[in-house]
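> My questions all concern the structure below.
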Amino acid sequence: MKITLTINGDVRDFDIEPGKILLDLLREAGYKSVKDGCREGECGACNVIINGKTTNSCMVLAAQVDGADIITVEGLGNADNPHPIQEAFVEAGAVQCGFCTPGKILSTYSLLKKNPQPTDSEIKEALSGNLCRCTGYVKQIDAVKKAAKKMKDSK
Amino acid sequence: MRLVKNYLVPESIEQAMEMLKSPDYKIIAGGSKINSEKTGEYGLIDIRKCGLNYIKVTQGILHIGAMTRISELLDNKDFCGLGESFVNALKSTGHAIVRNQITIGGSVSSLTPWFNLATLLLLADANIIYIDENNSGSISFREYCDNSPREFIRRKIIKEITIPIKKYEFKYIRFSQTEVDYAPLYVACSGKTPDSLKIAISGCLPEPKLFDNSDFHISDLSSETVEKSCNDFIEKIKGKVISTNVNFSREYIIKILPRLIKESIMEEK
């Protein structure tokens, strides 16, 4: 079946099997920031933003999001031109192996868009679907607060 | 890749009902349940374009369209106005990301053990409005849960869930090791006297279930009486208790359940 997605602002057409999950489609299409973790909606490593909402791409059939707007970390920034959230995660030391980081960056992006000055408990709540097994969570919460400040200062 | 043989996106409920006549097709709502299934080849009918994503109030009734996401309910003041127990139940449903995917209709049709809202829908006399091949119909959530719900809903489409608008003061207990884990046990209670007592239990039973004092036989609300009644009650239902969580065995659930029921009754008074 044919579907059309807008990924990071680019309109792209795909011809897919109906059982294709979005995670696989995105990775095969070159969006490698979308990590293949648990494949059952637990870890959040495959988190992308679909029509403004963070969503586990392993739990969504590509067919389900035909016509949707999708944002991956590639759409936020890169090594040469990082997004303030990416800068904040590096500066706060919130990245170790980096596998969970794209998912956390996108959860942070969604949170700060809705709530530019979140409390600690709101940050924990927003990141509750993103598991980390090496860095720990303290520095990640620091990173979100740092990102909030950077984004506020840049306005 | 999931085993999906075909994927249909009807533009109306009528079209969806027509498609549902094929026996090996089923409805996909948010997809969090179906997309985690590892086996089974079937066709899917995606009802996202059927106009079932809404929350509205008419004549003192809250109408929640089947495709409404849990996160959308949490952003709705009318839903949150139902009381703290409703908000707490939704805030601990899965985690922040998955709440953007889970729908109320999908939750009601699949009745997964971790459907946090089930006990509260039982206590609040919620109704299910559905469409079948003969037209539309209504069934109370309690009656639905009591009568082979998954069989009942198989060839139907849930249109909406309705809840009478008021501020409910239910005692709601979610038994889990963490704030956002999938819990194995939910207990909710309403009523201020033995006669008006209603207790809903879900998670550890095959389907959510509402009990009243004809099940408990509590003569007064003293701690000793309630404790004895709860223990007697568990003796009667323990054959139905199932284990649903790797963290807690069936035996442990049976041990803890009377204590939680007692807590829900005693703190309510």
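Here the protein sequences line up with chains C and E, keeping their order.
Residue 3 is where the first sequence starts when you use the numbering used here, and the numbers rise one by one after that.
Residue 18 is where the second sequence starts when you use the numbering used here, and the numbers rise one by one after that.
Glycine included, every Cβ here is placed at the ideal spot set by N, Cα and C.
Computed from a predicted structure; not experimentally measured.
1. Going by DSSP, what residues sit across from GLY82 of chain E in a beta bridge?
2. According to DSSP, is ASP26 of chain C part of a helix, a strand, or is it coil?
3. Where does GLU28 of chain E land, buried or exposed, given buried means 16+ other C-beta within 10 angstroms?
4. Check the Cβ of ASP26 of chain C against every Cβ in chain E and list those closer than 9 Å, keeping chain order.
5. Please list the terminal residues of the continuous beta strand (DSSP E) segment that includes SER207 of chain E.
6. Tell me, which residues are paired with SER112 of chain C by DSSP?
7. What residue range is occupied by the uninterrupted beta strand (DSSP E) comprising VAL75 of chain E?
8. Go to SER156 of chain C, then tell me how far its alpha helix (DSSP H) extends in each direction, as first and last residue.
9. Compare the C-beta of ASP63 of chain E with all C-beta atoms of chain C and state if any pair is closer than 9 Å.
10. Measuring CA to CA, which of E:ILE278, E:PRO201, E:ILE190 and E:GLY154 is closest to ASN248 of chain E?
11. Please identify, using Cβ separations under 7 Å, the residues of the region 46-62 of chain C that lie next to chain E, in order along the chain.
12. Would DSSP call ILE218 of chain E helix, strand or coil?
13. Which two residues bound the contiguous alpha helix (DSSP H) that contains THR136 of chain E?
14. Would you mind reading off the limits of the beta strand (DSSP E) that contains TYR199 of chain E?
15. Step through the CB atoms of chain C and report whether any lies within less than 9 Å of the CB of LYS286 of chain E.
16. Any beta-carbon of chain C closer than 9 Å to the one on ASN117 of chain E?
17. Within its chain, find whatever has a CB closer than 8 Å to the CB of LYS148 of chain C; leave out the 5 residues flanking it on each side and keep chain order.
18. Is the beta carbon of LEU24 of chain C closer than 9 Å to that of LEU78 of chain C?
19. Residues of chain E with a CB under 7 Å from the CB of LYS22 of chain C: which are they?
20. Whose CA, out of E:LEU222, E:PRO211, E:LEU214 and E:HIS112, lies closest to the CA of TYR203 of chain E?
21. For the putative contact between ASP95 of chain E and VAL74 of chain E, defined by C-beta atoms under 8 Å, what is the C-beta separation to the nearest angstrom?
22. Could you spell out the range, first to last residue, of the beta strand (DSSP E) harbouring LEU7 of chain C?
According to the data block:
1. Paired residue(s): E:GLU177.
2. Here ASP26 of chain C sits in helix by DSSP.
3. exposed
4. Close to ASP26 of chain C, with beta-carbon spacing below 9 Å, are these residues of chain E in chain order: MET18.
5. Per DSSP, the continuous beta strand (DSSP E) segment holding SER207 of chain E begins and ends at 202-207.
6. SER112 of chain C is not bridged to any residue.
7. At residue 75 of chain E the sequence reads Thr, which differs from the Val that was named. Looking at the DSSP string, the run of the beta strand (DSSP E) that includes THR75 of chain E is 72-75.
8. First-last for SER156 of chain C: undefined, no H or E at that position.
9. At least one CB of chain C lies nearer than 9 Å to the CB of ASP63 of chain E.
10. E:ILE278
11. GLY46, ASN49, LYS55, THR56, THR57, ASN58, MET61 and VAL62
12. Strand at ILE218 of chain E.
13. Annotation for THR136 of chain E: the continuous alpha helix (DSSP H) segment containing it runs 135-140.
14. Run containing TYR199 of chain E: none; DSSP gives neither H nor E here.
15. Note that LYS286 of chain E scores 44 on pLDDT, short of 50, meaning its location in the model is unreliable and no value can be drawn from it.
16. yes
17. ALA90, GLU93 and ALA94
18. No, Cβ-Cβ distance for LEU78 of chain C and LEU24 of chain C is not below 9 Å.
19. Around LYS22 of chain C, the beta-carbon contacts reaching into chain E at under 7 Å are MET18.
20. Checking every option, the nearest Cα to that of TYR203 of chain E belongs to E:LEU222.
21. 5 Å
22. 4-9
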